[in-house]
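So the structure is just underneath, and the comments pick up after that.
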Amino acid sequence: MSDKKIIIAGLAIFFVLITFPFWINMGKAANAPELILAPTAQAAMDSGEGCVLPLDEMRANHMQILDLWRHSVVRNAERIYVGADGKEYNMSLSNTCLDCHSNKADFCDRCHNYASVTPYCWDCHIDNPKGE
Amino acid sequence: MESSRRRFLKLAGISAVGLGTAPALNAFAASGGHDAAQPYVKKGARALRAKQWAMVIDTRRFHSAKDLEPMIEACNKSHNIPTKITNTDHEIKWIWEAEFHHAFPTKASKFLSEEIEHKSFLVLCNHCENPSCVRACPTKATFKRESDGIVLMDFHRCIGCRFCMAACPFGARSFNFRDPRDFIPEDDKNLEFPTRMKGVVEKCNFCAERLAVGKEPACVEASDGAIIFGDLYDPHSHVREVLKENYTIRRKQQLGTEPSVYYIV
Amino acid sequence: MLELAFKGGKTYWGWIVALLAIIGAAFGVYLWQLKFGLGITGLSRDVSWGFYIANFTYLVGVAAGGVMVVLPYYLHDYKAYGKVTILGEFLAIASIVMCLSFVIVDLGQPTRIFNTLLYPSPNSILFFDIVVLQGYLFLNIIIGWNVLEAERNNDHYQFWVKPLIYLSIPWAISIHTVTAFLYCGLPGRGFWMTAILAPRFLSSAFAAGPSLLILLCLFIRHFTKFDPGREQIQSLAKTVAYAICINVFFFLCEVFVAFYSNIPEHMDHIKYLFVGLHGHSLMVPWMWTSMILMVVGIILVVNPVTRKNENILVIACIVIIFGTWIDKALGMIAGGFVPNPLHQVNEYWPTGPEAMISLGVYAVGALVLTVLYKIAVSVKEEIRG
């Protein structure tokens with residue numbers, strides 16, 4: 010097999026290229042971001058009222074919840090979410106979520122940047138419409 | 070309400086495992102019982118309901134293009150329409166004005182009354198009962214909402230193929246040829262309503278967001294009673310009362326799409 | 080067999096590099112389109128489809144045209160075409176690749192293209208178009224590759240390929256029928272709303288596809304040791320002759336129906352194309368050029384003296400390719416959208432960036448075709464050598 014060397018060299022190059030993202034970033038892991046809660050969100054937290062779902066569920070699954078909300082609002086015309094405690098929320102990213110979490114840069118963006126995800130929610134939805 | 074609860078649970082099933090509440094959700098779905106501890110979704114208490122929303126435009130009340138401006142402006146402002154786009158090729162229009170022979174090209178007689186010939190008419194999406202745009206959409210991004218017959222756009226899902234624009238016989242659809250945000254007048258924004266992004270199609274939504282909180286569409290509110298809005302299939306609705314008493318026409322009725330916007334001429 | 084594509088002379092590699100350069104440049108323009116939006120094209124609110132979808136439509140035809148060699152060979156056992164079926168199949172593959180690329184560059188949100196699979200909508204003709212186009216692509220890849228490999232190994236192709244070949248024949252008809260249905264089922268577009276749109280598309284396809292195939296055959300004979308054969312080329316030319324005549328006949332049927340019935344919604348589009356409407360006449364010189372080219376094409380391919388002269392046949396094929404391209408690509412889209420549903424005239428003309436991206440897609444097709452033809456011709460040379 011006269012091609013043996015070429016094949017091995019080729020495989021080596023392939024391996025180096027495919028693992029490129031790992032070794033180029035080795036040892037450069039950023040520190041986990043520290044999220045800052047806006048005053049309204051902090052108040053809800055302190056009073057024990059919390060978010061629409063328990064903290065750890067929100068942390069892990071807020072994107073699925075937003076997906077369900079948008080489906081319900083846009084396609085089924087059902088806009089009110091009734092939480093487990095019976096509290097009602099208007100299912101709106103801008104007018105409900107971002108009204109309480111009025112600090113997108115310190116809340117949403119920090120974690121999204123850390124996780125290197127760029128959701129395009131804000132291409133359309135207006136950040137914190139009612140202002141501080 | 071029961072059915073909406075079930076629908077939400079069905080949806081939630083997609084991510085139920087991730088939510089860590091799958092067993093509880095499944096148990097609930099199986100029992101069908103009333104468990105206050107589970108979240109659910111519903112319509113707002115003040116939401117207006119109908120089988121098929123419809124509109125009657127009393128064009129006798131409008132005499133010039135100027136008379137139509139309040140309605141068009143109310144809509145533009147309410148929905149963040151990028152009115153600063155100067156290139157007419159890229160215009161976004163939800164409700165606009167057209168002369169009779171453009172609004173009703175198949176009805177324009179050779180000798181029209183002078184008043185009609187030079188008058189402006191409001192045109193918008195007809196929220197057809199058999200919408201050809203919905204038939205054409207390859208992703209169901211535009212759909213006819215079962216609960217109230219509104220032909221709506223799901224901007225999250227639209228792939229921008231523009232098949233619906235070819236399919237619409239009323240030219241009611243606009244495409245975002247570029248990012249619309251730079252073209253929305255700063256002081257005429259509705260911050261509580263989203264904008265759109267480049268690459269998606271948009272059109273009149275019969276103010277679904279206002280109906281949900283008990284308000285009539287923005288153009289109806291601004292019309293001072295010249296536009297009547299209501300349920301086409303409620304024999305006692307205001308719309309039906311007006312239709313009973315007046316001769317009305319619809320745009321391109323012969324195409325069988327069954328427009329829900331009627332005109333008293 | 081793929082290794083055959085890597086053995087070539089300077090001209091071959093020069094051509095490949097040139098194509099890659101065009102593709103690279105066009106991709107740059109496409110990135111600009113992604114960033115800016117489709118506003119860099121000449122499209123508008125009224126003419127919402129343009130050059131991309133026009134070329135897509137035309138190339139679906141070229142792809143379907145491949146069946147004009149497959150059908151006589153496999154259904155009528157016309158042995159002569161045994162030499163050229165692979166060329167027809169590989170041309171179909173390259174065309175479908177271009178079609179799919181044109182659809183993608185036309186999308187406003189191309190990253191969401193898989194929504195068509197996530198939310199399949201059988202009510203949309205576009206859904207069926209995606210299904211039939213991809214199906215035709217895979218059929219031709221499987222059939223072409225298997226038959227060619229068997230030929231190289233001096234063997235008969237596997238038994239299960241035969242049913243696929245039979246399936247590919249009606250499938251070729253289906254791709255262009257479904258593409259016509261995209262247009263002709265839309266209420267309020269008088270120009271497209273004609274039951275003979277699919278037959279028109281097919282007739283123009285069976286003229287344009289085989290014309291291109293003739294040119295490719297002559298090119299191969301000139302530059303390689305493989306000769307597709309004079310008889311084959313003449314037979315293809317006869318197919319072109321019938322198809323182009325039928326195409327013009329169908330068009331005249333449309334003109335008769337529109338103008339004898341005297342219904343404005345049907346007449347106005349044709350008027351816009353051929354004499355202009357409300358002072359707008361951008362398409363007029365193009366449409367008359369198209370008609371003249373197709374008539375010249377008919378004269379050259381129907382007359383046996385000119386058809387049998389291969390030098391004149393080359394001209395006839397070029398004339399027919401351009402004539403049908405103007406008719407089906409430019410005219411079909413512009414004529415359908417102008418005047419708009421409110422009966423206003425807003426004309427369309429592609430912009431430079433739009434043309435550049437289209438050129439890039441054609442270069443992708445040329446690259447796929449070059450590689451596939453290189454393989455096919457090398458195999459044929461091997462066997463005969």
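Protein chains in written order, with our numbering: chain X, 10 to 141; chain R, 70 to 334; chain C, 80 to 464.
Backbone N, C-alpha and C define an ideal beta-carbon position, used for all residues, glycine too.
Residue i - partner residues in DSSP beta bridges
i                      : result
residue 219 of chain R : Answer by DSSP bridge pairing: none, since residue 219 of chain R is not bridged.
residue 168 of chain R : R:189
residue 122 of chain R : R:300
residue 388 of chain C : Partner(s): none; residue 388 of chain C has no beta bridge.
residue 317 of chain R : R:333
residue 359 of chain C : C:356
residue 271 of chain R : R:243
residue 110 of chain R : X:90
residue 97 of chain X  : X:91
residue 347 of chain C : In DSSP, residue 347 of chain C forms no bridge with anything.
residue 212 of chain R : R:221
residue 127 of chain R : R:333
N-terminal and C-terminal residue of the alpha helix (DSSP H) that residue i is part of
i                      : result
residue 370 of chain C : 363 to 381
residue 441 of chain C : 431 to 463
residue 465 of chain C : Absent from the model: residue 465 of chain C. The displayed extent of chain C is 80 to 464, so no value can be given.
residue 311 of chain C : 309 to 340
residue 51 of chain X  : 48 to 55
residue 129 of chain X : Where residue 129 of chain X is concerned, there is no enclosing alpha helix (DSSP H), given that its DSSP letter is neither H nor E.
residue 152 of chain C : 146 to 154
residue 486 of chain C : Any answer about residue 486 of chain C is impossible in this case: the structure gives chain C only from 80 up to 464.
residue 263 of chain C : 240 to 263
C-beta contact flag for residue i and residue j at 8 Å
i                      : j                      : result
residue 431 of chain C : residue 398 of chain C : no
residue 335 of chain R : residue 314 of chain R : Any answer about residue 335 of chain R is impossible in this case: the structure gives chain R only from 70 up to 334.
residue 437 of chain C : residue 131 of chain C : yes
residue 123 of chain R : residue 281 of chain R : no
residue 440 of chain C : residue 231 of chain C : no
residue 291 of chain R : residue 276 of chain R : no
residue 12 of chain R  : residue 93 of chain X  : The requested residue 12 of chain R is not part of the displayed model; chain R covers only 70 to 334.
residue 143 of chain C : residue 355 of chain C : no
residue 259 of chain R : residue 147 of chain R : yes
residue 205 of chain R : residue 226 of chain R : no
residue 154 of chain R : residue 164 of chain R : no
residue 416 of chain C : residue 125 of chain C : yes
residue 253 of chain C : residue 319 of chain C : no
residue 261 of chain C : residue 293 of chain C : no
residue 326 of chain C : residue 290 of chain C : no
residue 451 of chain C : residue 172 of chain C : yes
residue 264 of chain R : residue 156 of chain R : no
First and last residue of the uninterrupted beta strand (DSSP E) at residue i
i                     : result
residue 91 of chain X : 89 to 91
residue 89 of chain C : Premise fails: residue 89 of chain C lies in the alpha helix (DSSP H), 89 to 115, not in any beta strand (DSSP E).
Classification of residue i by the beta-carbon crowding that lies within 10 angstroms, buried from 16 upward
i                      : result
residue 265 of chain C : buried
residue 80 of chain C  : exposed
residue 34 of chain X  : exposed
residue 406 of chain C : buried
residue 298 of chain C : exposed
residue 454 of chain C : buried
residue 162 of chain C : buried
residue 213 of chain R : buried
residue 86 of chain R  : Confidence in residue 86 of chain R is poor, its pLDDT being 37 and thus under 50, which makes the residue's placement unreliable; the coordinate value appears in the next sentence. When all chains shown are included, residue 86 of chain R counts as exposed.
residue 135 of chain X : buried
residue 126 of chain X : exposed
residue 335 of chain C : exposed
residue 305 of chain R : exposed
residue 14 of chain X  : exposed
>> For the segment 79 to 93 of chain X, list every residue whose C-beta sits within 7 Å of some C-beta in chain R, in sequence order.
In response: 79, 80, 81, 83, 84, 85, 86, 87, 88, 89, 90, 91, 92, 93
>> Output needed in chain order: residues of the segment 108 to 123 of chain X with a Cβ under 7 Å from some Cβ in chain R.
In response: none
>> Short of 9 Å Cβ to Cβ, which residues in the segment 250 to 268 of chain R face chain X?
In response: 250, 258, 259, 260, 261, 262, 263, 264, 265, 266, 267
> Residues in the segment 286 to 319 of chain R with C-beta within 9 Å of chain X's C-beta atoms, listed in sequence order?
Replying inline: none
> Quick one, which residues of the segment 281 to 315 of chain C are near chain R if we go by CB-CB under 7 Å, in chain order?
Replying inline: none
>> For the segment 167 to 200 of chain R, list every residue whose C-beta sits within 8 Å of some C-beta in chain C, in sequence order.
In response: 167, 170, 171, 172, 174, 175, 192
> Going along the segment 363 to 394 of chain C in order, which residues come within less than 8 Å of chain R, judged by CB to CB distance?
Replying inline: none
> What residues in the segment 340 to 363 of chain C have a beta carbon less than 7 Å from any beta carbon of chain R?
Replying inline: none
> Along the segment 217 to 238 of chain R, what residues have a CB closer than 8 Å to any CB found in chain C?
Replying inline: 226, 227, 228, 229, 230, 231, 232, 234, 235, 236, 237, 238
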